[in-house]
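Sequential numbering of the sequence shown, starting at 18, is according to the numbering used here.
Where is the CB? At the ideal position from N, CA and C, for every residue including glycine.
Keep in mind the model is a prediction, meaning the values are calculated, not measured.
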Amino acid sequence: MSQTFLLEPDIIAATENVMPDLNNDLVLAKNFLKQQSAATGDTLYDHLVDIVHKILSQQPPDVVDNFEQYSWAVKQEKFRPNFDLLNDVYLSPPQLSLVRRVDEMFRLVASKAQKADEMGEEEQELDLEEDNFKPRIADMIDNNFYFRECGFGLPDSECYAVYISLNMLAIKEPVSTVRFFGKIFGTKANYYVAETDLTIEELDRRIREFELKDMPGEGEGLDEARAQEAEEQKEIMGEGEEKDEKPKEPVPPKLPPEPVSTWQPPAPIPVERPGQGVNKKVFWVCNNPGQQWICLPDVTPDQIRVARLTVRCMTGDLDAEVQTFPPFEGTERNYLRAQIARIQASTSVSPQGFFTFGSGEEEEDIDLEEGGGDLDFNPNPFYQGHALKDLLDPNLTYWVHHGRHILKQGRTLWWNPNAGMEEGVEEEEDEGPPPVEPESGPPLFTSLSEDARVEGLSAWSVRTSSTLVPDRALAVLRSNLWPGAVAFATAGKKSECMYIGWGLKYQPPNFSPLQLPRPQDEYVVGPEVMEMADPTFADEEAYRIAHLPPPPPPELPGEGEVFGEEEEMED
């Protein structure tokens, strides 16, 4: 079926007069192919040129069948940088190393559990006899369930990973008990903290190392003294020989003695040995579950003293420098250990009667002034719990501290600095420092009702986890002095405390760092050392006139003539 096109007379006349031009048509077609795409900015002409160049350079078979694939490959190459050296380089994601460590941790714990399942009861008993005991790990998953009921705690996935990491710690390290202490936030990474007790063998080894630390120093001091005496004898002998051989040299003028400082530093406070006081527990930290647990060193009294005067956030790097005033001795691992000791001493709370003294001795029976004894307490097997109404009492009489109070010395057991000077002080009462009064803190199991108030508020806030279901409700205790420290207790026999925070203590006023001490006076202020104002010209002129030599005495009349006559007679 034919179609007829109706054209206007002007258009028909124009088409009849225009002759076909091949060059013009090629230019128009080329310009059409060079139109840029609004989305990518590419042109069909450049794309066809790239395809033809690729086909001619590679010369593949069956080009017609694979033309669409070549066109798609050319488009993909434009979106990739043409760096030949980096095309085949594979960069693993940063999460891959963490996943590998977690997988290794899971395999280690699973192999240990499988080995225990394959062993019979007799073999397990023999294994326990060889290893003395199996580490006791606190049920973190169960405790975290109760903390989540109270509105705190860790997510389930994170809690499970940390719990498996605690099992890895019990397998690799010589510990007898493992407990999750808490999580401390940092500016670059966070710290997961585990609280442990060492095995008897490991604790004895650390105590021996602690006791042997000072012995080499004493021997070195004796050796230095002997070497100094030998050098003095050599000098004396050498001077005697020089006197015989060399003539005497002129003695230089005697100079006044140099001033000697009378300030004496205070006696260093000894560190509490491992397994005692602030070093009773051993703490381990890691940045992520699956990483190797790192043991924190024992804390010293001076580190606790400086930490009390400092406000600093953690960075997550144990080797980071701690720049404070007063200067802190150690790196962030030491500062972290000092903060953990302070948090543990203030926020370790439990219901009354939950713990009991293990040896049955009372605290008053121990002579704390002589540094003897450190109370041990264990969970009370006869604890039956308290009513929820008593645990929610705002007076907090049913809650007690089971953390040892840290004294101003930085120790839990007071050390007498004048213990070796008492006899000398009795003989010479006028000389020597006065005796220091012993410090004492609140005893163990002191009620929370005796805690100091913070800005007129109680140091602890107590509430219930649920008012809708009283039968399943918990008593929740939150510290206002150390934000992030919480504890829970049920009406039955369960109670636990945990810390999740920045490791900073609440301070009501704005923090003000300790100021530098005032410089001491080198000389007594007096007219001899005080500066004077420069004299003016009038003062200098008056001083000159006042110090002029006296004028010669006037000559009497006649005296000159007689003196002249005498001279003539002499001539």
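Per-residue burial, residue i [other beta carbons within 10 Å of its own, 16 or more giving buried]
i: G520; result: buried
i: L408; result: buried
i: P37; result: exposed
i: L215; result: buried
i: L385; result: Residue confidence for L385 is low, a pLDDT of 40 falling below 50, so the modelled location carries little weight; the figure read from the coordinates is stated next. When all chains shown are included, L385 counts as buried.
i: W477; result: buried
i: K200; result: buried
i: E572; result: exposed
i: E513; result: buried
i: T279; result: exposed
i: L50; result: exposed
i: S363; result: buried
i: V295; result: buried
i: S114; result: exposed
i: D336; result: exposed
i: I562; result: exposed
i: T414; result: exposed
i: Q589; result: Nothing about residue 589 can be read from this structure; the chain reaches only from 18 to 588.
i: V542; result: exposed
i: E94; result: exposed
i: H70; result: exposed
i: R196; result: buried
i: W89; result: exposed
i: F399; result: exposed
i: V453; result: exposed
i: A555; result: exposed
i: F12; result: With the chain represented from 18 up to 588, any question about residue 12 goes unanswered, as that position is not in the structure.
i: T429; result: buried
DSSP state of residue i mapped onto helix, strand, coil
i: Q53; result: strand
i: G170; result: coil
i: M515; result: strand
i: W301; result: strand
i: F399; result: coil
i: F227; result: helix
i: G416; result: Per the sequence shown, the amino acid found at residue 416 is Trp instead of Gly. Of the three classes helix, strand and coil, the one that applies to W416 here is strand, per DSSP.
i: F345; result: coil
i: F597; result: For the chain, the structure presents residues 18 to 588; residue 597 sits outside this window and is missing.
i: I154; result: strand
i: F394; result: strand
i: Y180; result: helix
i: Y209; result: strand
i: L531; result: coil
i: V486; result: coil
i: M364; result: The sequence given here has Thr at residue 364, not Met. Helix.
i: G441; result: Any reading at G441 needs caution, since the residue's pLDDT is 48, under 50, leaving its predicted position unreliable; the model's value is listed next. In this structure, G441 counts as helix in the three-state DSSP scheme.
i: V44; result: helix
i: E266; result: coil
i: L521; result: coil
i: V542; result: coil
i: D79; result: coil
i: D159; result: helix
i: L65; result: helix
i: L573; result: coil
i: Q356; result: helix
Cross-strand partners of residue i (DSSP beta bridge)
i: D214; result: T194
i: L494; result: V479 and A504
i: M331; result: G203
i: S464; result: V417
i: I286; result: None, per the DSSP bridge assignment.
i: Y87; result: Answer by DSSP bridge pairing: none, since Y87 is not bridged.
i: C312; result: W301
i: L474; result: V471
i: E338; result: T348
i: T317; result: Partner(s): none; T317 has no beta bridge.
i: T60; result: Q53
CB contact below 8 Å: residue i versus chain C
i: K132; result: Among the chains of the structure shown, chain C does not appear; only one protein chain is present.
Distance cut-off 7 Å: residue i Cβ against heavy atoms of the ligand HEM
i: W431; result: The ligand HEM is absent from the structure shown, which contains no ligands of any kind.
**Report entry** the segment 321-332 / the segment 506-523 touching (three or more Cβ pairs under 8 Å)
**Finding:** yes
Query raised in the report: For the 8 Å Cβ check, are there 3 or more pairs between the segment 419-427 and the segment 305-319?
Result: yes
Query raised in the report: How do the segment 287-304 and the segment 198-216 stand: do at least 3 beta-carbon pairs fall below 8 Å, yes or no?
Result: yes
Report task. Determine, using beta-carbon pairs with one atom in the segment 390-400 and one in the segment 477-494, whether at least three such pairs fall under 8 Å. Result -> no
**Report entry** Sufficient close CB pairs (3 or more, under 8 Å) joining the segment 334-354 to the segment 492-511
**Finding:** no
Query raised in the report: At a cut of 8 Å, does the segment 182-192 reach the segment 113-131 through at least three beta carbon pairs?
Result: yes
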